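The opening position of the sequence shown corresponds to residue 24 in the working numbering, with each subsequent residue numbered one higher.
Take a look at the structure below.
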Amino acid sequence: MTIPSPSKSRVLIVDDEATIRQFMIEVLSRFDFSPVPASDAAEALQILDRETIDLVLLDLHMPGPADGEDLLYLLRDRGDDIPIIIVSGWVDDDATREQPDCVHAVLKKPVAVETLLSTIRRVLEEA
Numbered sequence: 024m025t026i027p028s029p030s031k032s033r034v035l036i037v038d039d040e041a042t043i044r045q046f047m048i049e050v051l052s053r054f055d056f057s058p059v060p061a062s063d064a065a066e067a068l069q070i071l072d073r074e075t076i077d078l079v080l081l082d083l084h085m086p087g088p089a090d091g092e093d094l095l096y097l098l099r100d101r102g103d104d105i106p107i108i109i110v111s112g113w114v115d116d117d118a119t120r121e122q123p124d125c126v127h128a129v130l131k132k133p134v135a136v137e138t139l140l141s142t143i144r145r146v147l148e149e150a
């Protein structure tokens, strides 16, 4: 399997907080990833239906009819094999253990830039 280079890796950032999305866009852009922002689960699904995405950074708790957890199970159930990294302020040991196989890592907000980047690179290499 060919591992995508960071400059070709498109990372979908699903988070309802504009400041978090902007921070991740700036960090990922600086390190030659191609960030694709989505403010909620519905927007994320529209993007996933029309674009090639290599990895998803997913916040679990978002307002709206479907939150990040709903999106997570929907992606699993429809057979998407895109690796997912949960990036949320609402994670604990039980939440980490109970995630479906499509979740490749769980990071607690606030996350250090080095941790975020090393986790993204590791997950892309393993995918």
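C-beta atoms are modelled at their ideal positions from N, C-alpha and C, and glycine is treated no differently.
Note that the coordinates shown come from a computational prediction; the quantities given were computed from them, not determined experimentally.
Listed in chain order, the beta strand (DSSP E) runs fully inside the stretch 72–117 are 78–81 and 107–111, counting runs of at least 3 residues. Rounded to the nearest whole angstrom, the CA to CA distance from LEU71 to ASP104 is 11 Å. Your pair LEU140 and LEU130 does not check out as a contact, with CB atoms roughly 11 Å apart and the cut at 8 Å.
DSSP places VAL126 within a strand segment (E or B) once states are collapsed to three. In the DSSP secondary-structure assignment, LYS131 is bridged to SER111. Ranking GLU149, GLU49, LEU94 and HIS84 by CA distance to the CA of VAL136 puts GLU49 first. Ranking ASP124, LYS31 and GLY91 by CA distance to the CA of LEU80 puts GLY91 first. Its Cα nearest to that of VAL126, the residue ARG99 stands out among PRO60, PRO88, ASP63 and ARG99. When DSSP states are grouped into helix, strand and coil, ALA41 belongs to the helix group. Using a Cβ distance threshold of 8 Å, PRO58 and SER52 count as a contacting pair. The Cβ atoms of ALA64 and VAL37 lie closer than 8 Å to each other.
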